[in-house]
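Input: a single structure, listed below in structure tokens.
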Amino acid sequence: TFLSHSLQAKMSRPVQAQRLEGIDKNIWVEFVKLAATYSKVNLGQGFPDFPPPDFLTEALTRALSGGNHMLHQYTRAFGHPPLVKVLAQFFEKLLGRDLDPMTNVMVTVGAYQALFCCFQALVDEGDEVIIIEPFFDCYEPMVKMAGGTPVFVPLRPNPPKDGKLMSSADWQLDPAELASKFSERTKAIVLNSPNNPLGKVFSRGELGLIAELCVKHDVLCISDEVYEWLVYDGKQHVRIASLQGMWDRTVIVGSAGKTFSATGWKVGWVVGPNRLLQHLRTVHQNSVYHCATIAQEAVAQGFQRELMLYGKPESYFVQLPKELQQKRDWLVQSLADVGMKPIIPEGTYFLVADISQFKSDVPDVPNSDEPYDYRFTKWMVKNKGLAAIPLSAFYSEAHKNNYTNFIRFCFAKEDATLKAASDILQKWKQEKTS
Ligand code: PMP
């Protein structure tokens, strides 16, 4: 009969939307699985294994069990009012300009969705978007899904001559190369400072160069600043939106996950001019609508506390980078001891290390074009129990073969975790010398 027939009928037409072509491979799936299977210590994926601050979890508990049961219901689509209000107050301070919480701020499901809204709302079929390499890997597929064409420009390493360890500041844009990527087809540039994976904190001079090109070519800037509080050695995070001519063309992307060490809450935001944010609201309204009310309420309270303690020693935004800087220094030392060459990050909780000294330890895989950093990372997790991420995963297909001598570690970890990593590295060192 017709019914039984149609129940069995398999679809034969292609089901995948064309826009997904070429973006269906994702390295996280493979490396997260490898880490789960083999690692004793996982310094791969970028999230803390320590708890968020007490004031934040207490705020969540209060929101959950306090008298206001409406916190279990929908809230305003573009951001829970207490959260957009305090974010506006906070960013007024940081940017030195008046902000309207209703039109200059929008809350998203993590910085991830903030980025997705930016590309969907601002990038058209055929538009070019400049991405600085190495980059947080989702920028490329997100530009493509919006119909845009990513145009890549690499940070180029300039090793210091004195034999000292390299710093993320030694990775720089070539000004002429950067300028050559801008044309009338360029719609936007993605800036990520402090940068994942290198930890580079762009200097005022470097940002000035980018800003000048944006103004000259009338280009937008999507400024991913999720690591804005994680800067070390007294360095300052400069916000490109505060440079001449940039407010009007910049969307700032932020993350409570990174800011308050609570990545699972998935609360993020955008800050920018209404003429840009109005279009992001259209995407958000018609896709996600809003993120959990109760998480937004707790993050709002976290920001209220931080606003009160701004710049004071008790502020989490002051304390967290201090703690992380010590963890960074510890991991730098442990990696250097075993013969890797860590690149000292100026910011973020990532650290990239040069592994070119280990080529003879890692077996060649016959008939494979797998890059050395992939092979090394797999070998290290299987043989040493230490998980990291190959750096070439943060490069475009065209450039990844130039950067296969590095891997990325995350040091937002409990001291016990870092101690376990350092023990592995010590043992490894002894094996090498014996
Ligand atoms: N941007 C960068 C540079 C990141 O590293 C991450 C998280 N790894 C995100 C955005 C996404 O942040 P969220 O967890 O808030 O979605």
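When we follow our numbering, the leftmost residue of the sequence shown carries the number 145, and every step to the right adds one.
Ideal Cβ placement from N, Cα and C applies to all residues, glycine included.
The model shown is predicted, which means the values in this text are computed figures rather than measured ones.
query, result
"Using the three-state DSSP reduction, which class does Gly-352 fall into: helix, strand or coil?", "helix"
"In terms of alpha-carbon separation, which member of Thr-437, Lys-526, Trp-523 and Phe-553 lies closest to Ile-533?", "Phe-553"
"Any Cβ of chain D within less than 8 Å of the Cβ of Ser-478?", "Judged by its chain identifiers, the structure shown contains no chain D, having just a single protein chain."
"Just to confirm the assignment: which complete alpha helix (DSSP H) runs, minimum length 4, are found wholly within the region 268-347?", "283-289 and 319-325"
"Is the beta carbon of Ala-444 within less than 7 Å of some heavy atom of the ligand PMP?", "no"
"Going along the chain, which residues of its own chain have a beta-carbon closer than 6 Å to the beta-carbon of Pro-489, five neighbours each way excluded?", "Ser-312, Gly-343 and Leu-495"
"In the DSSP output, what is Met-250 paired with across the bridge?", "Val-414"
"Assuming Thr-492 contacts Pro-278 under a Cβ cut-off of 8 Å, what Cβ separation, rounded to an integer in Å, is found between them?", "Contact flag wrong, Cβ pair sits at about 12 Å."
"Would you call the CB atoms of Ala-207 and Leu-215 closer than 8 Å?", "yes"
"Identify, in the order they occur along the chain, each residue of the same chain with its Cβ nearer than 6 Å to the Cβ of Ala-232, setting aside the five sequence neighbours on each side.", "Leu-243, Pro-245 and Val-249"
"Could you tell me the distance, in whole angstroms, from the CA atom of Asp-508 to the CA atom of Leu-178?", "19 Å"
"Starting from the C-beta of Phe-404, find all residues in its chain whose C-beta is less than 8 Å away, skip the five residues before and the five after it, and write them out in chain order.", "Pro-196, Pro-197, Leu-200, Val-443, Gly-446 and Tyr-460"
"Quick one: give me the first and last residue of the alpha helix (DSSP H) that Asp-567 is part of.", "559-577"
"In whole angstroms, what separates the C-alpha of Ser-594 from that of Leu-239?", "Absent from the structure is residue 594, since the part of the chain shown begins at 145 and ends at 578."
"I'd like the span of the alpha helix (DSSP H) that includes Ala-532, first residue to last.", "Here Ala-532 belongs to no alpha helix (DSSP H), and DSSP marks it neither H nor E."
"Under DSSP, the alpha helix (DSSP H) around Ile-438 begins and ends at which residues?", "437-452"
"Take the Cβ of Lys-169 as the centre, count every other Cβ of all protein chains shown within 10 Å, and call the residue buried at 16 or more, exposed below.", "exposed"
"Should Pro-298 be labelled buried (16 or more other beta-carbon atoms within 10 Å of its own) or exposed?", "buried"
"Across the region 281-292 and the region 453-467, are there enough close Cβ pairs to call them in contact, namely three or more that are closer than 8 Å?", "no"
"Could you check if Lys-410 belongs to the surroundings of the ligand PMP, using beta carbon to heavy atom distance under 7 Å?", "yes"
"Taking the Cβ atom as the reference point for each residue, do Ser-540 and Asp-517 lie within a distance shorter than 8 Å?", "no"
"Leaving out the 5 sequence neighbours to the left and right, which residues in its chain are closer than 6 Å to Pro-192 when beta-carbon positions are compared?", "Ser-405 and Ala-556"
"Taking 7 Å as the line, does the beta carbon of Asn-186 fall inside it for any heavy atom of the ligand PMP?", "no"
"How far does the beta strand (DSSP E) with Pro-226 in it reach, from first residue to last?", "Note, Pro-226: premise wrong, no beta strand (DSSP E); alpha helix (DSSP H) at 225-239."
"What residues match up with Gly-491 in a beta bridge as DSSP calls it?", "Val-375"
"Exposed or buried, what is Ala-560 when buried is set at 16 or more other beta-carbons lying within 10 Å of its beta-carbon?", "exposed"
"Tell me, please, which residues DSSP counts as bridged to Thr-394.", "Cys-365"
"Between which two residues does the alpha helix (DSSP H) holding Phe-461 run?", "460-482"
"Give a single yes or no on whether Gly-491 has its beta carbon closer than 7 Å to a heavy atom of the ligand PMP.", "no"
"Kindly give me the distance between the Cβ atoms of Tyr-454 and Lys-237, rounded to whole angstroms, as I take these residues to be in contact under 8 Å.", "7 Å"
"Report the partner residues of Ala-497 according to the DSSP bridge assignment.", "Pro-486 and Ile-551"
"Is the closest heavy atom of the ligand PMP to the C-beta of Ala-255 under 7 Å?", "yes"
"Out of Phe-550, Leu-317 and Arg-472, state which residue places its alpha-carbon closest to the alpha-carbon of Leu-335.", "Leu-317"
"Excluding the five sequence neighbours on either side, which residues of its own chain have a C-beta within less than 6 Å of the C-beta of Asp-271, listed in chain order?", "Gly-292 and Lys-331"
"Ends of the alpha helix (DSSP H) at Ser-209?", "198-209"
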